[in-house]
Amino acid sequence: MESFLVAVNAVIPFLCYISFGYVMKVRGVVKEEFLQQLNKMIFRVLYPFMTFYNIYKADADSLPRPVLLIFVAASILILELVMLIVVPRIVKENPKRGVIIQGMYRSNFVLFGLPLTISVFGEAASPVAAMAVPIVVTIYNVTSVFVLEMFNGEGKTDIRTTIMNVVKNPLLQGAVLGLIFFFCGIRIPKSLLTPIAAFSDMISPLALFVLGGTLTFGAVRKNLKYIVPALTAKMAVVPAIILTAAYAVGLRGVELFLILSIHATPVAVASYTMAQNMGGDGELAGQLVVVSTVFSVGTLFLWIFALGTLGLI
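For the sequence shown, this note's numbering begins at 283 and goes up steadily by one.
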């Protein structure tokens, strides 16, 4: 029951933000044009604050074991490589390819995994979880830009154009700046850091509000042939394989749970915003976020219960 409540408490706020956006659209308080403009502002202005702040605030004095950090990076990159090979062979529509690949490996680790890890293991686990953030955020943001550019709506894969678009991507620029400040030890005055943190915290509720406002439930049925297999793999098959590999290399307790929180949490909200702005199938991306968020209540509970029963966490 405790594990179930942890999962529920992590999910309910997300569903509230989505529902609020949907209700405001239905009641005519917000219009589609406003939501699209807000979505662009989130992507171009606010997301760089989030990527910068999550890397900047990491604690360099609380580094976890190198084997954990190496496994985190390797598991994400290998999963991406496998999806880049498999998905294009199954899915024929270019805008859907990038969205599905991104949805398979990109999770809501920062917004879901961190609080979930702390809820299960207490504040003592926060340094280990926090130091995984720069690795996860950097890989997610850099590779997601490449993936969406490779499979953009126009089908262009020119390497020079792709690289230029990646370099100009706001999320990557925020991540690079964060890494520079982090490794150079540059400190920001509190008077400036406070608004940066506030802008970073705004992203989750605003992005989910926009998602709810642009959601069309009737379109979910036509995409079920993509949603069901993609999310079954993402929330059940892939975590099982990666957790087995993590156990094999000696990860236990909070380290093993951290791997679970990276690979078994819902599809990242950022994947919707990026797809909308980079030629991907924004409708499918939004549906993957919503459906995975709803079903994660049950899947996360089952994963936590199973690992606890086996004495692995």
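Quick reminder that beta carbons are idealized off the backbone N, C-alpha and C, glycines included.
- Between Arg388 and Ala528, the gap from beta carbon to beta carbon reaches 8 Å or more.
- Restricting attention to Ala567, Tyr554, Leu570 and Met484, the CA atom closest to the CA of Val327 is found in Met484.
- Sixteen is the threshold: since fewer than 16 other Cβ atoms of the shown chains lie within 10 Å of the Cβ of Lys504, the residue is exposed.
- Taking Pro370 as the centre and dropping the five residues before and after it, the same chain places the C-beta of Arg379 closer than 7 Å to its C-beta, in chain order.
- Scanning Met556, Leu570, Gly568 and Ile586 for the CA closest to the CA of Leu430 turns up Met556.
- For Asn451, the closest C-alpha among the options Met560, Glu315 and Pro471 is that of Met560.
- If you look at Met484, you'll find it in the alpha helix (DSSP H) that goes Lys472 to Thr496.
- According to the DSSP assignment, Asn559 belongs to the alpha helix (DSSP H) that extends over Val551 to Asn559.
- In this structure, the CA atom of Gly467 is about 22 Å from the CA atom of Phe481.
- Relative to His545, the option among Asn336, Ile337, Gly532 and Leu359 whose CA is nearest is Leu359.
- Residue environment: Glu315 is assigned as exposed (fewer than 16 neighbouring CB atoms within 10 Å of its CB, all protein chains considered).
- Boundaries of the alpha helix (DSSP H) harbouring Leu459: Pro452 to Cys466, taken from the DSSP string.
- By the C-beta density criterion, Phe391 is buried, having at least 16 other C-beta atoms within 10 angstroms.
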